[in-house]
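In the order they appear, the protein sequences are chains X and Y.
Per our numbering, residue 9 is the first one in the first sequence, and the count goes up by one each step.
Per our numbering, residue 9 is the first one in the second sequence, and the count goes up by one each step.
C-beta atoms are modelled at their ideal positions from N, C-alpha and C, and glycine is treated no differently.
Inspection log for the structure reproduced underneath, given as structure tokens.
2 protein chains.
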Amino acid sequence: MLIGEYIHTIDEKSRVSMPAKFRKELGKKVIITPGLEQCLFIFTVKEWEKVSTRLSDTKTDLSFLKADQRNFNRYMFGRAAEVEIDSIGRILIPDFLKDRIGLKNSAAIIGVGDRVEVWNDKTWSQNQEAVEKQAPELAEKLGNK
Amino acid sequence: MLIGEYIHTIDEKSRVSMPAKFRKELGKKVIITPGLEQCLFIFTVKEWEKVSTRLSDTKTDLSFLKADQRNFNRYMFGRAAEVEIDSIGRILIPDFLKDRIGLKNSAAIIGVGDRVEVWNDKTWSQNQEAVEKQAPELAEKLGNK
DNA sequence: AATCAGGTGGGAAAAAGTGGGAAATCTGTG
DNA sequence: CACAGATTTCCCACTTTTTCCCACCTGATT
């Protein structure tokens, strides 16, 4: 289970260390994609298989016949990348993903159960402050489901 | 699985490099067709078989009996081309397809799971900005299926 | 204080992408 | 039918980017 918050440096070559505690679970290859809201998702290979099968399910039909599906697939697949984790636990974040969420020197690496999220550290802390305030209310909503 | 975004040069001879990460999966020959929206589709030979079978499926119908199908097939088949991938991974884009999407010096090469798309790089980034905004909504829709 | 683990930085080797020349093929013309 | 010019194909070479590996730094632990 991936949990916790880590602030790590992004070096000049766009490398970021995965927290040591995540490495075993992540394996040696992960898939990084644009996330919803201002973050990136990092999936294990196994988790990605689940996600991608669901997204491109073509048992019955061709994936490019529906406009919504085309656009969402362009978004999720088109801007995803398979990245190796190097011998000391770092990954390389493609520029187009860095730019998307305004990453420069520093990133917040967040464990969210079955995936990891990458945030611009500033955005992350602002976001957390906001969520902090709504948390009781959000809990209430989920409780009513 | 074909994923990721690459911006490559189109040289004076209309050649474009396929991203190294795609080459193994693409093999040595691909089919390039006009795509939906302002892009081109590139299929592996295997994927193309699926596509063409589905489009000209005669189990239920003869493909030429329906006007819509006739026209769509003219669109996809009529301007499709089989192209070889050269020894260092480049393909040659036919002029009539280049012109269709306004390609000149630079193209965005996008992996969309089971196919590759080629975009004018400007058009691609505009398109993504637009999709970015709808992404949560699209995700919601597809999630409810 | 020494050791260890986690994180950061940088240089060298390898790979990917780009450009261009020469050989082969095609086209049109005398 | 042969030839000249143009186009296409094939291959080689240069440049930039990526990958791999090693070394250093810092803070915690014993």
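Quick one: using the 10 Å Cβ neighbour count with 16 as the cut-off for buried, is residue i buried or exposed?
i	result
arginine 123(X)	buried
glutamine 134(Y)	exposed
glutamate 145(X)	exposed
asparagine 128(Y)	buried
leucine 150(X)	exposed
glutamate 125(Y)	buried
glutamate 55(Y)	buried
asparagine 152(Y)	exposed
arginine 78(Y)	exposed
glutamate 57(X)	exposed
glycine 121(Y)	buried
glutamate 13(Y)	buried
Got a sec, what are the start and stop residues for the alpha helix (DSSP H) residue i sits in?
i	result
serine 133(Y)	129-151
glycine 86(Y)	75-86
leucine 105(Y)	103-108
leucine 10(X)	Looking at the DSSP string, leucine 10(X) is not in any alpha helix (DSSP H); the run it does join, the beta strand (DSSP E), is 10-17.
isoleucine 60(X)	A quick correction: the sequence has serine, not isoleucine, at residue 60(X). It spans 53-63 - the alpha helix (DSSP H) in which serine 60(X) sits, taken as one unbroken run.
leucine 34(X)	28-34
Which residue comes first and which comes last in the beta strand (DSSP E) that contains residue i?
i	result
glutamate 45(Y)	Looking at the DSSP string, glutamate 45(Y) is not in any beta strand (DSSP E), and its letter there is neither H nor E.
serine 114(Y)	114-121
glutamate 92(X)	89-92
leucine 100(X)	98-100
Of the residues the options, which one's Cα is nearest the Cα of residue i?
i	options	result
lysine 162(Y)	Leu111(Y), Cys47(Y) and Lys74(Y)	Limits of chain Y in this structure are 9 at one end and 153 at the other, which puts residue 162(Y) out of reach.
methionine 26(Y)	Glu55(Y), Arg62(Y) and Ala116(Y)	Ala116(Y)
leucine 100(X)	Glu33(X), Val38(X), Met9(X) and Ala143(X)	Val38(X)
glutamine 142(Y)	Thr131(X), Glu145(X), Ala89(X) and Tyr83(X)	Tyr83(X)
arginine 87(X)	Phe104(X), Phe72(X), Ala75(X) and Ser95(X)	Phe104(X)
glutamate 92(X)	Val24(Y), Asp19(Y), Lys29(Y) and Tyr14(Y)	Lys29(Y)
arginine 31(X)	Thr17(X), Leu48(X), Thr52(X) and Arg23(X)	Thr52(X)
isoleucine 15(X)	Trp132(X), Thr61(X) and Ala147(X)	Trp132(X)
arginine 162(Y)	Trp56(Y), Glu13(Y), Gln46(Y) and Asp76(Y)	Here chain Y has residues from 9 to 153 only, and residue 162(Y) is not among them.
aspartate 19(X)	Pro102(X), Met9(X), Ala75(X) and Phe72(X)	Pro102(X)
arginine 62(X)	Lys130(X), Ile40(X), Ala75(X) and Phe85(X)	Phe85(X)
serine 64(X)	Met9(Y), Lys130(Y), Arg23(Y) and Gln136(Y)	Met9(Y)
valine 24(X)	Asn81(X), Phe80(X) and Lys106(X)	Lys106(X)
Using a cut-off of 9 Å between C-beta atoms, extract the partners of residue i located in chain Y.
i	result
arginine 87(X)	Ile11, Gly12, Glu13, Ile118 and Gln136
phenylalanine 80(X)	Val139, Gln142, Ala143, Leu146, Ala147, Lys149 and Leu150
leucine 44(X)	Ala143, Pro144 and Ala147
serine 64(X)	Met9, Val120, Gly121 and Asp122
glutamate 90(X)	Met9, Ile11, Gly12 and Lys29
List, in chain order, every chain X residue whose beta-carbon is nearer than 9 Å to that of residue i.
i	result
leucine 111(Y)	Within chain X, no residue comes near leucine 111(Y); the closest Cβ sits about 17 Å away, beyond 9 Å.
valine 59(Y)	Leu70 and Phe72
Do residue i and residue j have their C-beta atoms closer together than 8 Å?
i	j	result
proline 42(X)	leucine 34(X)	no
glycine 119(X)	isoleucine 11(X)	yes
serine 114(X)	threonine 17(X)	yes
leucine 44(X)	alanine 147(Y)	yes
leucine 70(X)	valine 59(Y)	yes
isoleucine 40(Y)	alanine 75(Y)	no
Taking residue i as the query, report the chain Y residues whose CB atoms sit under 8 Å from its CB, ordered along the chain.
i	result
aspartate 76(X)	Leu146, Lys149 and Leu150
phenylalanine 104(X)	Glu13
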